[in-house]
Each structure stands twice: as structure tokens, then as C-alpha cells.
Amino acid sequence: MSEKQAIPGESPANSAIDVPSNGKFESWFEYPVRVQPHHTDYGGVVWHGTYLTWMEEARVECLRSIGIDFADLVLLGCDLPVVELSVRYHRAIQLGMAVIVKTRIAEVSGVRMNWDYGIVSTDGQQLYTTAKVTLVGLDRERGKIMRQLPASIKDALEKLPRLEK
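Its first residue numbered 251, the sequence shown is counted upward by one per residue in this note's numbering.
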């Protein structure tokens, strides 16, 4: 087993959340964010829950970029609740910093969608956070998991690049 040299001040990667092997996030959707005062604690460090909001915003904008508007999902009677979430904080993000939230859909299996995230510096040199989120299609009227995603959603999701295995 090979050992990776730890970088001072950086938390090691978690096996559940792998950093891309080449350290780059190629073909990922990018959502820029600037840290505002309401994103931080009293010390000017981004509050841990803010990262989840940024990831959801990035996911919603990624879906919008391929023609899936969340309001339209609601009209179709479909919701996409988070059923699993894993986050690894590698470095703190401070008030006033600009970062890029990168996301991609890793896999769609039935009504389950697995998304990957990386939050990086605008120059891509610093990795702040990695995460994995799993969503499922939910029938809003019945409150139950759908048997399959609406065809229009499945077709649109095919436009997104997938994780190469």
C-alpha cells in the first residue's frame, strides 16, 4: 500500500470522498461564490452548513444548464430529497474569498442520483472541500419514492458528463 505525504495544514482525504486522481476537476459544472458575512461565524470562517447551501445551489444551476428547472420538477410532482451526504473539509474558507463549487453527476441508477463536489480556489490550486450527495426521485403527491424518473428528466440527465470508471 502506498503512503501519501501529508501536506501541512491540510486534512487527509477520506476514502469515501476521493479527490480526482489527477487533482483536477475536468468537465465539472462550475458555480462561483464569494464569501459574504452571513456565510461565516464570528471569526470570519465559513460556517460548515454554508457549504451544503452552496452545493445545492450549484446542483440546481447545473440542472438548469441542461434544461431542468427545479420549479418544473415540482410541477411534474417530483422532488429530489437528499438521502445521503458525506462531506470532507480540507481547508477553511475565509470571509471575502472567492471560490468555485464544482459538481458533476457521478451516477444515475433508477431514481437514485449520486453527485460529487469539490470546492476549490478560483485558480484551482487549493482544495477546500469534497463531498458526495445522493438524491432520490420522490413523488410529491404520494410522499413515496418514484419507480422511475420522468422521461424528460432522464433524457436531460444524459447530457451531463459522467464519472469515468
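Glycine residues also receive a C-beta, built at the ideal position from the N, C-alpha and C atoms.
Straight-line gap, residue i to residue j (C-alpha atoms, nearest Å)
i      : j      : result
Lys404 : Gly293 : 44 Å
Phe320 : Val310 : 7 Å
Glu391 : Arg397 : 14 Å
Ser359 : Phe275 : 23 Å
Cys328 : Val283 : 28 Å
Ile318 : Ala406 : 7 Å
Reduced DSSP category for residue i - H, G, I as helix; E, B as strand; rest coil
i      : result
Leu407 : helix
Ala401 : helix
Pro282 : strand
Ala256 : Low local confidence applies: a pLDDT of 46 at Ala256 is under 50, so the model's placement there is unreliable, with the coordinate-based value given in what follows. Coil, per DSSP.
Residue i - partner residues in DSSP beta bridges
i      : result
Glu357 : Asn364
Ser336 : Lys382
Tyr292 : In DSSP, Tyr292 forms no bridge with anything.
Ile416 : No information on residue 416 is available, as it lies outside the stretch 251 to 415 that the chain covers here.
Ile343 : According to DSSP, which records beta bridges pairwise, Ile343 is partnered with nothing at all.
Leu388 : Asp329 and Ile395
Legend entry - Segments of 4+ residues assigned as alpha helix (DSSP H) that fall wholly inside the region 301-325: 320-325
Legend entry - Contained beta strand (DSSP E) runs [length at least 3] in the region 359-385, N- to C-terminal order: 362-371
Inset, instruction - Take every Cβ of the region 356-367, pair it with every Cβ of the region 382-392, and state whether three or more of those distances are shorter than 8 Å. - result: yes
Inset, instruction - Assess, as a yes-or-no matter, whether the region 328-343 is touched by the region 369-381 under the definition of 3 or more beta carbon pairs within less than 8 Å. - result: yes
Legend entry - Inter-stretch contact (C-beta, 8 Å, three-pair minimum) for the region 299-313 and the region 344-359: yes
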